[in-house]
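Inspection log for the structure reproduced underneath, given as structure tokens.
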Amino acid sequence: GILSPSGKAGPDLIPAARGPRTGGAVWVDAALPWSTRVRRASMSVRNAIKKILIANRGEISCRVSRTARRMGIKTVAVFSEADRHAKHVDMADEAVCVGPTLSAQSYLNVPNIMQAIRDTGADAVHPGYGFLSE
């Protein structure tokens, strides 16, 4: 069986997510419906993340920003000089320019993305789709 942080053993508790406030894991009752387990695990992780940097642009970034806002998480958008006035930049709580127009020099420039994370104090990074996620 699985041993929970409280010492309770058995197959009735399963690790559902990782979070710093739970000693590394969020434990939920395996007998609960899937949707309840996901909701409880996400609530614990949500409480651990205060600010997320979205390392993408366009509609993907807008969708992540909307969801984060509903969850009470602040957002940081990254942008190239060409995207300075883009919708995803306006939607975010903060925005950081990560380089010139070419994506290889901005969105794919890992040192610049890492510096943006440090400068803004983001707790997490969402890579979006394409760019850094690939």
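Under the working numbering, residues 2 to 135 are what the sequence shown spells out, in order. Glycine is no exception: its CB is placed at the ideal position from the N, C-alpha and C atoms.
### Message
Tell me the rounded alpha-carbon separation between A117 and I55.
### Response
10 Å
### Query
Between V99 and N113, which are expected to be in contact by the criterion C-beta below 8 Å, what is the C-beta distance as a whole number of angstroms?
4 Å
### Query
If you draw a straight line from the C-alpha of D120 to the C-alpha of G73, how long is it?
21 Å
### Task
Can you grab the Cα-Cα spacing for the pair R64 / A32, in whole Å?
32 Å
### Task
Could you name the residues that DSSP lists as bridge partners for V79?
V97
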